[in-house]
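Asks: Please see the structure below; I have some questions.
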Amino acid sequence: MGARVDLTDEAATLLAKLEQQHGPLMFHQSGGCCDGSSPMCYPAGDFITSEADIKLGTLTGEFTPIEFWMSISQYEYWKHTHLTVDVVPGRGSGFSVEAPEGVRFLIRSRLMTEDELREFDLL
-18 MGARVDLTDE
-8 AATLLAKLEQ
2 QHGPLMFHQS
12 GGCCDGSSPM
22 CYPAGDFITS
32 EADIKLGTLT
42 GEFTPIEFWM
52 SISQYEYWKH
62 THLTVDVVPG
72 RGSGFSVEAP
82 EGVRFLIRSR
92 LMTEDELREF
102 DLL
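Read in order, the letters of the sequence shown correspond to residues -18 to 104 in this note's numbering.
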């Protein structure tokens, strides 16, 4: 099965560095409040997920696997898209662990192909 969410090489490199500082990590795609719709990176378990959230996937690389979560209500808007976590210069949220590094995570999205939509039972 294909992935619903991936990483750029730059994001993967940063995550390996952040894991050395903070231990295992997790992502939750914020719902558009203070930071717009930013992927927020936390030490694993610091953001409590519930039945109101859906796990979109697990990111892998030179770090402990990282779960990527999103609220179900936001997922309804994004379910037809493939997400890629990237990193760019600038200040993001003070709550996300990359903030002191002078960079921020962001999501790049594209519509899924027909094959992907079928694979995820969205057609």
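C-beta: ideal position from N, C-alpha, C; glycine also.
Tell me whether Thr39 sits in a helix, a strand or coil according to DSSP, three-state version.
Replies: Residue state, collapsed to three classes: strand.
Asks: Just how far apart, CA to CA, sit Pro81 and Leu(-1)?
Replies: Approximately 11 angstroms between the Cα atoms of the pair.
Asks: In chain order, what residues of the same chain lie with their CB nearer than 6 angstroms to the CB of Ser77, ignoring the 5 residues before and after it?
Replies: Only Met21 and Cys22 meet the Cβ criterion.
Asks: Using three-state DSSP, classify Ser31 as helix, strand or coil.
Replies: Of the three classes helix, strand and coil, the one that applies to Ser31 here is coil, per DSSP.
Asks: Restricting to Cα atoms, I'd like to know which of Ile47, Arg72 and Asp96 is closest to His63.
Replies: The option with the nearest alpha carbon to His63 is Asp96.
Asks: Can we say the region 85 to 99 touches the region 38 to 55, given the rule of at least three CB pairs closer than 8 angstroms?
Replies: No, the region 85 to 99 does not touch the region 38 to 55.
Asks: At what residues does the beta strand (DSSP E) containing Arg85 begin and finish?
Replies: Unbroken beta strand (DSSP E) run through Arg85: Val84 to Leu92.
Asks: Indicate whether Thr30 and Trp50 have their beta-carbon atoms separated by less than 7 angstroms.
Replies: The answer is yes: Cβ separation under 7 angstroms.
Asks: With a 10 Å radius around its C-beta and 16 neighbouring C-beta atoms as the bar for buried, classify Val69 as buried or exposed.
Replies: Exposed.
Asks: Would you report the Cα separation of Gly71 and Gly83, rounded to the nearest angstrom?
Replies: Cα-Cα distance, rounded: 6 angstroms.
Asks: Alpha carbon to alpha carbon, how far is Asp67 from Glu(-9)? Give it in angstroms, no decimals.
Replies: The straight-line gap from Cα to Cα measures roughly 7 angstroms.
Asks: Which residues does DSSP list as the beta-bridge partners of Val78?
Replies: Partner(s): none; Val78 has no beta bridge.
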